[in-house]
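So the structure is just underneath, and the comments pick up after that.
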Amino acid sequence: MTITNVASEVIGSVWKVEMKVGDAVKTGDTIMILESMKMEIPVEAPVDGTLAELKVQPEESVDEDQVLCTIES
Amino acid sequence: MSEDAIPETLEDHLKLLRAREDVARQMGGKEKIARREAAGLMNARSRLDALLDPGSFSENGLLGVSTVFDEDREKTPADGKVAGFGLIDNRMVGVVSNDFTVKGASSSVTNMKKIGHIKRTATDRGFPLIFLGESSGARMPDNMGSEGMGTMLGNDPHQYARVRETPWVSAVLGQCFGSSAWYSCLADFTVMRKGAVFAVASPALASLAIGQKVEPEDLGGWKLHSEETGLVDRVVDTDEEALAEIRKFLSYMPSHNGETPPLAPVPEGSDKEAEKITKILPDSRKRGYDVRKIINCIVDLESFFEFKPRFGRTAVTGLGRLDGGVVGIVANNPIAKAGALDVAGCEKVTRFLVMCDSFNIPIVMLVDTPGFVIGIEGEKKKAPGKIMNFMTALQMCTVPKLSVIMRKSYGQAYLNMGGGRNSDSVAAWPTAEVSFMDPQYATEVVTWGREVSDEEKQAIRDEMERNSTYLGLAQIFAAQNVIAPQDTRRYLIEELKIQQLRRTRGIGRHNLANWPTTF
Numbered sequence: 692m693t694i695t696n697v698a699s700e701v702i703g704s705v706w707k708v709e710m711k712v713g714d715a716v717k718t719g720d721t722i723m724i725l726e727s728m729k730m731e732i733p734v735e736a737p738v739d740g741t742l743a744e745l746k747v748q749p750e751e752s753v754d755e756d757q758v759l760c761t762i763e764s
Numbered sequence: 093m094s095e096d097a098i099p100e101t102l103e104d105h106l107k108l109l110r111a112r113e114d115v116a117r118q119m120g121g122k123e124k125i126a127r128r129e130a131a132g133l134m135n136a137r138s139r140l141d142a143l144l145d146p147g148s149f150s151e152n153g154l155l156g157v158s159t160v161f162d163e164d165r166e167k168t169p170a171d172g173k174v175a176g177f178g179l180i181d182n183r184m185v186g187v188v189s190n191d192f193t194v195k196g197a198s199s200s201v202t203n204m205k206k207i208g209h210i211k212r213t214a215t216d217r218g219f220p221l222i223f224l225g226e227s228s229g230a231r232m233p234d235n236m237g238s239e240g241m242g243t244m245l246g247n248d249p250h251q252y253a254r255v256r257e258t259p260w261v262s263a264v265l266g267q268c269f270g271s272s273a274w275y276s277c278l279a280d281f282t283v284m285r286k287g288a289v290f291a292v293a294s295p296a297l298a299s300l301a302i303g304q305k306v307e308p309e310d311l312g313g314w315k316l317h318s319e320e321t322g323l324v325d326r327v328v329d330t331d332e333e334a335l336a337e338i339r340k341f342l343s344y345m346p347s348h349n350g351e352t353p354p355l356a357p358v359p360e361g362s363d364k365e366a367e368k369i370t371k372i373l374p375d376s377r378k379r380g381y382d383v384r385k386i387i388n389c390i391v392d393l394e395s396f397f398e399f400k401p402r403f404g405r406t407a408v409t410g411l412g413r414l415d416g417g418v419v420g421i422v423a424n425n426p427i428a429k430a431g432a433l434d435v436a437g438c439e440k441v442t443r444f445l446v447m448c449d450s451f452n453i454p455i456v457m458l459v460d461t462p463g464f465v466i467g468i469e470g471e472k473k474k475a476p477g478k479i480m481n482f483m484t485a486l487q488m489c490t491v492p493k494l495s496v497i498m499r500k501s502y503g504q505a506y507l508n509m510g511g512g513r514n515s516d517s518v519a520a521w522p523t524a525e526v527s528f529m530d531p532q533y534a535t536e537v538v539t540w541g542r543e544v545s546d547e548e549k550q551a552i553r554d555e556m557e558r559n560s561t562y563l564g565l566a567q568i569f570a571a572q573n574v575i576a577p578q579d580t581r582r583y584l585i586e587e588l589k590i591q592q593l594r595r596t597r598g599i600g601r602h603n604l605a606n607w608p609t610t611f
């Protein structure tokens, strides 16, 4: 069992969360969408697995490299 | 037979020679080699076996030893640096493999002569030079005192004069201080194994100097160099992977600056992949995407070899192939800071342009940037200087330069990414938007200090957006072509045929060849 941290590429805020804990994810699936510099930045799963933990909520501010969620695979 | 006795017959001469060679090949002794093996580390000679085509290594200086102190003659097989020539994919390379089991592969009089010989030969005869780094720095006490310094250092005025006549590669495979660190900076491509350390001096010496404990990973670990300094191009987990990365890098490079990069067969399915672009490009202009997915659709299948993927992520740089020929890709990545170029992104692109210009590699720029990152942090890091470095490099490049405006191209970044005659040919996608500033901010600027209703502002903004499309570029011939995204691969292949440097058989003027190696 491996836990993969999914981190933010940008400083911004969470706009939409598209999945919920326990969902099966495939590499490249959009887990959530951030908003930064008037752009919507999708956060994609880097690995196949199950969404184990969501560490942020919509409208929450996030920093670059902040862990947004974890995937168990 | 005594070591000192001179043999009388040829047979005895040869027997003694073989015995001496065998000792030299033992490196620092079975015990030290076994300890490395147990720790999963290759040694200087097994690394060469894995790097070079089988049986191709021709060693120089096998019997070299340190003669500074008599007692070191027996303790310094090959003087700690295994050097010679060999083949990679049947092409000649020069190699220096540091043997840490012999006095920490420290630099000494004899082994520096070996390095000098390999370097001179590779440069004069036109083939790449590879350093397998793992060394503790200059040998002590040999270089202590004024006489030591005068003997050891400063005897080669060209030692660090990087003129990029042939590709240089460095692998950071252990502790790399002193020369192993210097060559890692001078190389065109540097790969680092996780767990290795790359710094000016050792953590122990640093701790001694500043009086506090310095952790090796903090001082010169893979995270520091792949994410913050950008001095390392790729990071791997094992020695074997590092050596495979060197072979892969060199497969894209010419042997020297007087030839073009080698061609390769085009993998089946490459054209089919190009059609997938439309599925990756989001419909909304506000939606980000990872430009590497677009690049992978454009280049020959699985040919994209990215440089510094963790550093300056607003820009993507890497080598790839188009119809079998090598190109250097420079792209904005909207997934990082919306593709707005920051200081690290500028440094990364500048260094990449220097390499492409030096080795006759045409440049393809894929543009989707709202401009340069503005703000205090960037200004503190000399953002204007970095932007101009990038711009100067681009204008001085004499290899073919093609630019494709995918979506946004704003302000000065329009010029840095090849617009305004800063590339040989510009193509725009129908989704291109070009202006001095994003219409949203521009509306605020032109209405500053005036009483303007929201409706009027919206009307100004709508008008600006209408005037920012590909059509304006096409109508005044600021873009030479307007193409569908899925035709980009085909377009680039055809345009590269037009733009090739026929009069010099593909060889550029290498204006950037003697630029610094760090920006």
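As they're listed, the protein sequences go chains C and Z. Residue 712 in our numbering sits at position 21 of the first sequence, and the numbers go up by one each step. Residue 171 in our numbering sits at position 79 of the second sequence, and the numbers go up by one each step. We treat Cβ as the ideally placed atom computed from N, Cα and C, and that holds for glycine. Source: prediction; values computed, not measured.
Subject >> chain Z contacts from the region 739-762 of chain C (Cβ-Cβ distance under 7 Å) >> reply: none
Subject >> Coarse secondary structure for residue 609/Z, derived from DSSP in three states >> reply: coil
Original post:
So, does the CB of residue 524/Z fall closer than 7 Å to a CB anywhere in chain C?
Top reply: no
**OP:** Just mark residue 222/Z as buried or exposed, buried being the case when its beta carbon has 16 or more other beta carbons within 10 Å.
**Re:** buried
**OP:** Taking only the alpha-carbon atoms, compute the straight-line gap between residue 408/Z and residue 426/Z and give it to the nearest angstrom.
**Re:** 10 Å
Original post:
When you check each C-beta in the region 703-722 of chain C against every C-beta of chain Z, which residues fall closer than 7 Å?
Top reply: none
Subject >> Cα-Cα separation, residue 594/Z to residue 234/Z >> reply: Distance between the alpha carbons of residue 594/Z and residue 234/Z is about 53 Å.
Subject >> Reduced DSSP secondary structure (H/G/I, E/B, other) of residue 133/Z >> reply: coil
Subject >> One or two residues paired with residue 387/Z in a DSSP bridge >> reply: Note: residue 387/Z sits in no beta bridge, so no partner.
Subject >> DSSP beta-bridge partners of residue 765/C >> reply: Outside the displayed span of chain C (692 to 764) sits residue 765/C, for which this structure offers no information.
Original post:
Looking only at C-alpha atoms, which of 350/Z, 261/Z, 317/Z and 387/Z sits nearest to residue 340/Z?
Top reply: Just measuring C-alpha positions, the residue of 350/Z, 261/Z, 317/Z and 387/Z sitting nearest residue 340/Z is 261/Z.
Subject >> Neighbouring residues, chain C, relative to residue 379/Z (Cβ below 9 Å) >> reply: Within chain C, the residues near residue 379/Z are 724, 730, 731, 732 and 733.
Subject >> Contact between the region 311-330 of chain Z and the region 342-351 of chain Z (3+ Cβ pairs under 8 Å) >> reply: No, the region 311-330 of chain Z does not touch the region 342-351 of chain Z.
Original post:
How would you label residue 267/Z, buried or exposed, when you count the other beta carbons within 10 angstroms and need 16 or more for buried?
Top reply: buried
Subject >> Segment limits, alpha helix (DSSP H) that includes residue 263/Z >> reply: It is not in any alpha helix (DSSP H) - residue 263/Z instead sits in the beta strand (DSSP E) that spans 260-268.
Original post:
Does residue 430/Z have its Cβ less than 7 Å from a Cβ in chain C?
Top reply: yes
Subject >> Start-to-end residues for the alpha helix (DSSP H) that takes in residue 81/Z >> reply: Here chain Z comprises residues numbered 93 to 611, so residue 81/Z is not present and cannot be evaluated.
**OP:** Starting from the beta carbon of residue 727/C, find every residue of chain Z whose beta carbon is closer than 9 Å, and list them in chain order.
**Re:** Going along chain Z in sequence order, the residues near residue 727/C (Cβ under 9 Å) are 380, 429 and 430.
**OP:** State yes or no: is the C-beta of residue 460/Z within less than 7 Å of the C-beta of residue 500/Z?
**Re:** yes
**OP:** Mark residue 241/Z as exposed unless 16 or more other C-beta atoms lie within 10 angstroms of its C-beta, in which case mark it buried.
**Re:** Classification of residue 241/Z: exposed, given that the 10 Å Cβ count is below 16.
**OP:** Starting from residue 420/Z, follow its DSSP beta bridges and name the residues at the other end.
**Re:** 411/Z and 455/Z
Subject >> beta strand (DSSP E) segment containing residue 733/C, residue limits >> reply: 730-735
Subject >> Partner residues on chain Z for residue 701/C, Cβ-Cβ distance less than 9 Å >> reply: 380, 427, 428, 429 and 430
Original post:
Counting pairs of beta carbons, one from the region 503-510 of chain Z and one from the region 461-476 of chain Z, are three or more of them closer than 8 Å?
Top reply: yes
Original post:
Helix, strand or coil: which one does DSSP assign to residue 190/Z?
Top reply: Three-state result, residue 190/Z: strand.
Original post:
Taking the C-alpha atoms as reference points, what is the distance between residue 93/Z and residue 396/Z?
Top reply: Low per-residue confidence applies at residue 93/Z: pLDDT is 44, beneath 50, and the placement is therefore not dependable, though the value from the model is reported in the following sentence. When the Cα atoms are used, residue 93/Z and residue 396/Z turn out to be separated by approximately 59 Å.
Subject >> Cβ shell of residue 153/Z (< 7 Å), same chain only, five flanking positions each side left out >> reply: Answer for residue 153/Z: 170, 175 and 206, listed in chain order.
Subject >> Beta-carbon proximity check, residue 369/Z vs residue 386/Z, cutoff 7 Å >> reply: yes
Original post:
DSSP state of residue 709/C, grouped into three classes?
Top reply: coil
**OP:** Tell me residue 715/C's beta-bridge partners as DSSP assigns them.
**Re:** 741/C
Subject >> Endpoints, alpha helix (DSSP H) assigned at residue 341/Z >> reply: 331-343
Subject >> Secondary structure of residue 112/Z, DSSP reduced to three states >> reply: helix
Subject >> Runs of beta strand (DSSP E) lying entirely within the region 523-554 of chain Z, each at least 3 residues, in chain order >> reply: 525-527
Subject >> Option in 349/Z, 290/Z, 151/Z and 119/Z with minimal Cα separation from residue 216/Z >> reply: 349/Z
Original post:
For a contact meaning CB atoms closer than 9 Å, what does residue 376/Z contact in chain C?
Top reply: Taking a Cβ-Cβ threshold of 9 Å, the residues of chain C close to residue 376/Z are 731, in chain order.
Original post:
Skipping 5 residues on each side, what residues in its chain have a beta carbon closer than 6 Å to that of residue 693/C?
Top reply: Annotation for residue 693/C: 764 place their beta carbon closer than 6 Å to its own, counting only its chain and skipping 5 residues before and after.
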